[in-house]
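S.K.:
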Amino acid sequence: MQPYSTRIFHQVDYPNPFVYTALIRGYCNEKNQEKGVEMYRHMRVNYVDPVSFTLTCLLKSCSDEENLILGRQMHKERVTIGGFCRDVFVCNTLIDMYVKCGELGDARKVFDEMPKRDVISWTTLIVAYMKKGDTVGARVLFRGLDDKDMVAWTAMVTGFEQNGRPREALRYFEMMMNSGVEADELTLVGVISACAQLGAIKYAGWVRNMAERLGFGPEDSVFMGSSLIDMYSKCGSVMEAYEVFKGMRVKNVFSYSSMIVGFAAHGCGKAAFDLFEEMIKTDIKPNKVTFIGVLSACSHSGLVDEGRKYFDMMEKWYGVVPDVDHYTCLIDLLGRAGQLEEALHVIRDMPMEPHGGIWGAVLGACRIHKNPDIAEFAANHLFELEPDGIGNYVLLANIYASVGRWEGVQKVRKLVRERGLRKNPACSWVEGEKGIIHEFYSNDATHPKSREIELVLKDLLQRLKLQGYEPNLSSVPYDLSEEEKKKILYTHSEKLALAYALLTSDNFLPIRIMKNLRICEDCHLFMCAASQITSREIIIRDNVRFHHFRDGKCSCGNFW
DNA sequence: ATAGGGTTAG
Numbered sequence: 001m002q003p004y005s006t007r008i009f010h011q012v013d014y015p016n017p018f019v020y021t022a023l024i025r026g027y028c029n030e031k032n033q034e035k036g037v038e039m040y041r042h043m044r045v046n047y048v049d050p051v052s053f054t055l056t057c058l059l060k061s062c063s064d065e066e067n068l069i070l071g072r073q074m075h076k077e078r079v080t081i082g083g084f085c086r087d088v089f090v091c092n093t094l095i096d097m098y099v100k101c102g103e104l105g106d107a108r109k110v111f112d113e114m115p116k117r118d119v120i121s122w123t124t125l126i127v128a129y130m131k132k133g134d135t136v137g138a139r140v141l142f143r144g145l146d147d148k149d150m151v152a153w154t155a156m157v158t159g160f161e162q163n164g165r166p167r168e169a170l171r172y173f174e175m176m177m178n179s180g181v182e183a184d185e186l187t188l189v190g191v192i193s194a195c196a197q198l199g200a201i202k203y204a205g206w207v208r209n210m211a212e213r214l215g216f217g218p219e220d221s222v223f224m225g226s227s228l229i230d231m232y233s234k235c236g237s238v239m240e241a242y243e244v245f246k247g248m249r250v251k252n253v254f255s256y257s258s259m260i261v262g263f264a265a266h267g268c269g270k271a272a273f274d275l276f277e278e279m280i281k282t283d284i285k286p287n288k289v290t291f292i293g294v295l296s297a298c299s300h301s302g303l304v305d306e307g308r309k310y311f312d313m314m315e316k317w318y319g320v321v322p323d324v325d326h327y328t329c330l331i332d333l334l335g336r337a338g339q340l341e342e343a344l345h346v347i348r349d350m351p352m353e354p355h356g357g358i359w360g361a362v363l364g365a366c367r368i369h370k371n372p373d374i375a376e377f378a379a380n381h382l383f384e385l386e387p388d389g390i391g392n393y394v395l396l397a398n399i400y401a402s403v404g405r406w407e408g409v410q411k412v413r414k415l416v417r418e419r420g421l422r423k424n425p426a427c428s429w430v431e432g433e434k435g436i437i438h439e440f441y442s443n444d445a446t447h448p449k450s451r452e453i454e455l456v457l458k459d460l461l462q463r464l465k466l467q468g469y470e471p472n473l474s475s476v477p478y479d480l481s482e483e484e485k486k487k488i489l490y491t492h493s494e495k496l497a498l499a500y501a502l503l504t505s506d507n508f509l510p511i512r513i514m515k516n517l518r519i520c521e522d523c524h525l526f527m528c529a530a531s532q533i534t535s536r537e538i539i540i541r542d543n544v545r546f547h548h549f550r551d552g553k554c555s556c557g558n559f560w
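Under full-length UniProt numbering, the first residue of the first sequence is numbered 1, with each subsequent residue one higher.
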């Protein structure tokens, strides 16, 4: 605040509400809440009645500072002054204040008691429900909203996207289009992120065209560019991601980090490092996520020494203090490289408590290196930290099974039963014609083409066998007969998805399969062989990384 | 004069 603002103020003999409010606004804008409140008191003591803007200024600063106590006081003030109860501006700011302070119930109460609400009141609340993860609540509210505008629709689209429900996000986007509401940059960025989750590369292409027509293509918009980079790499196309990156006129830390993370997930370690080196020559400062990318690039390429070097550098040279997630990358790096003992030392010596992710990285490494003892140790921590994390139980059971410790498998199964947990069904999906997503579960015969899929798969299996493919029975973590194991392997969801893609897609295009869990050894072998026999490039995105199968080989080097 | 929706993480 300019010092003379206050001086001038004191020269006014009888300041009116607007003069006071101007001063309060000045203080609040420069985050000097105490001074703002002091002026407010001054105003009241002198019997000057506040206007609604006076309250909204103070409430806004309560939102920013998350000062719930003062916020509640202002809420009461509103009542005592009277008249403002009906003021939509004041109420909306009040709702926002309660939301920012995490008091959704109070926000709702203000909303319910408003005599007249506008689209902003609704949207504020819808976003709050979405952020809390209550998509049902948000949807109910949205249904009750009469004049749904662009921002309200966008809040729904991005809300679903942020809650990991990309299909609903796209559904709402389409409903938005159908109801004739225009989309803008923010809407389309949300849609692109939903496509990234889904692996819907064709759909994303249309959205990108739309964005370019509207003047916010990746060349012009950093947001659009960064989310396209992320989308293309999550859809298995790093090169296209890089094309977008190169074409962006303005880049920021998001663009670089997304690209580095993309390279990392595809096992392009060298490209990730080169881009990092390029980045630090610009004015753009690397942040936490950038280093997550760099470190995970090291771990997917097995570069332990490089990883250690970057880990030591990040704080010393770039002022980014390693947090528990960076330690997770380091543990993952050491673990993958087989240095499990060293990984445990790092956990012991690190300055924070290990969280689930840390033990998860250890457990993952134990799977690669078939180490049931350390696995048990890590899993016990995990079972305490994440008692409902079904993936951990499955992983431990698989590790036991891989070394034939069936009594261990039984023990884990019992634990799962006792805790009333259920295995996540494995699911794979591909984008079919017209960009429609086709989903497959294991042993799933609900797809309209399932009869043909079965035939394609049978035929493929026979041809693969002639080439020397043998089902990998140890991929089935059950103590079953060979025949039964073969039957189970044969129905894994990614194989169904592959058969569907072979049946329907264009011959020259790569096949992109997404799945929710990690690919099993047998499917990995199967895909290697299938890529050779069919001369098709097969790209599988599992829940961790990408596998590019081409000419009988996988980009992960059979080490994942 | 004052308000609601956005990009990167193993």
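Glycine is no exception: its CB is placed at the ideal position from the N, C-alpha and C atoms.
Just so you know, these numbers come straight off a predicted model, no measurement behind them.
Got a sec? Which residues, its chain only, sit under 6 Å from Ser193 by beta carbon, not counting five neighbours each side?
M.R.: Excluding positions up to five away in sequence, the list reads Glu161 and Ser227.
S.K.: Is it the case that the segment 462–472 contacts the segment 442–452, given that we only count it when at least three CB pairs across the two stretches are under 8 Å?
M.R.: no
S.K.: Fully enclosed by the segment 476–551, which alpha helix (DSSP H) runs are 4 residues long or longer?
M.R.: 482–490, 493–504 and 521–534
S.K.: Is the segment 254–261 touching the segment 274–293 in the sense that three or more CB pairs, one from each, lie closer than 8 Å?
M.R.: yes
S.K.: Spell out the partners DSSP gives Tyr441 in its beta bridges.
M.R.: Cys427
S.K.: If we ignore side chains and look at the alpha-carbon of each, how far apart do Val362 and Phe276 end up?
M.R.: 27 Å
S.K.: Below 8 Å, can you find three or more Cβ-Cβ pairs linking the segment 405–414 to the segment 426–445?
M.R.: no
S.K.: May I ask you to verify whether the segment 364–378 touches the segment 326–341, counting CB pairs closer than 8 Å and requiring at least 3?
M.R.: yes
S.K.: According to DSSP, is Cys62 part of a helix, a strand, or is it coil?
M.R.: helix
S.K.: Does the distance from the C-beta atom of Met224 to that of Ala211 stay below 8 Å?
M.R.: yes
S.K.: Is the segment 349–362 touching the segment 317–328, taking contact as three or more C-beta pairs under 8 Å?
M.R.: Between the segment 349–362 and the segment 317–328, the count of Cβ pairs shorter than 8 Å is three or higher; the stretches touch.
S.K.: Which term fits Lys76, buried or exposed, when burial requires 16 or more other beta carbons within 10 angstroms of its beta carbon?
M.R.: exposed
S.K.: Once you ignore the five residues that flank Trp406 on each side, which residues in its own chain have a CB closer than 7 Å to its CB?
M.R.: Asp479
S.K.: Enumerate, from N- to C-terminal direction, the unbroken alpha helix (DSSP H) stretches of 4 or more residues contained entirely within the segment 310–371.
M.R.: Runs of the alpha helix (DSSP H) inside the segment 310–371: 324–336, 340–349 and 356–368.
S.K.: Glu30 lies in the alpha helix (DSSP H); which residues open and close that run?
M.R.: Premise fails: Glu30 is in no alpha helix (DSSP H) and is neither H nor E.
S.K.: Determine the burial state of Pro351: buried for a count of at least 16 other Cβ atoms within 10 Å of its Cβ, exposed for fewer.
M.R.: Flag for Pro351 reads exposed.
S.K.: Between which two residues does the alpha helix (DSSP H) carrying Val394 extend?
M.R.: Ile390 to Ser402
S.K.: Are Met130 and Asn163 closer than 8 Å when you measure CB to CB?
M.R.: Yes, the pair counts as a contact, with Cβ atoms nearer than the cut-off.
S.K.: My output table needs one value for residue 564: the three-state DSSP class, helix, strand or coil.
M.R.: The question about residue 564 has no answer here: the residues shown for the chain are numbered 1 through 560.
S.K.: If you check the beta carbons only, do Gly36 and Tyr27 fall under 8 Å apart?
M.R.: In this structure, Tyr27 lies closer than 8 Å to Gly36 by Cβ.
S.K.: Distance, Cα to Cα, Thr282 vs Val253?
M.R.: 10 Å
S.K.: CB Lys234 to CB Arg541, shorter than 8 Å?
M.R.: yes
S.K.: Give me, in chain order, the residues of the same chain whose beta-carbon lies closer than 7 Å to that of Glu342; leave out the 5 immediate sequence neighbours on both sides.
M.R.: Leu334
S.K.: May I ask which residues mark the beginning and end of the alpha helix (DSSP H) holding residue 567?
M.R.: The chain is shown from 1 up to 560; residue 567 falls before or after that span and cannot be answered.
S.K.: What three-state label does DSSP hand Cys554 in the structure shown?
M.R.: strand
S.K.: Determine the direct distance from the alpha carbon of Arg536 to that of Asn507, and round the result to whole angstroms.
M.R.: Answer to the nearest angstrom: the Cα atoms are 8 Å apart.
S.K.: So, helix, strand or coil for Tyr47, using DSSP?
M.R.: coil
S.K.: What does the Cβ neighbour count give for Glu545, buried or exposed, with the cut at 16 atoms within 10 Å?
M.R.: Going by the sequence as given, residue 545 is Arg instead of Glu. It is buried - the Cβ of Arg545 has at least 16 other Cβ atoms within 10 Å.
S.K.: DSSP three-state label for His447, please.
M.R.: coil
S.K.: Is the CB-CB distance between Tyr400 and Pro354 below 8 Å?
M.R.: no
S.K.: In or out: Pro425 buried (at least 16 other Cβ within 10 Å) or exposed?
M.R.: exposed
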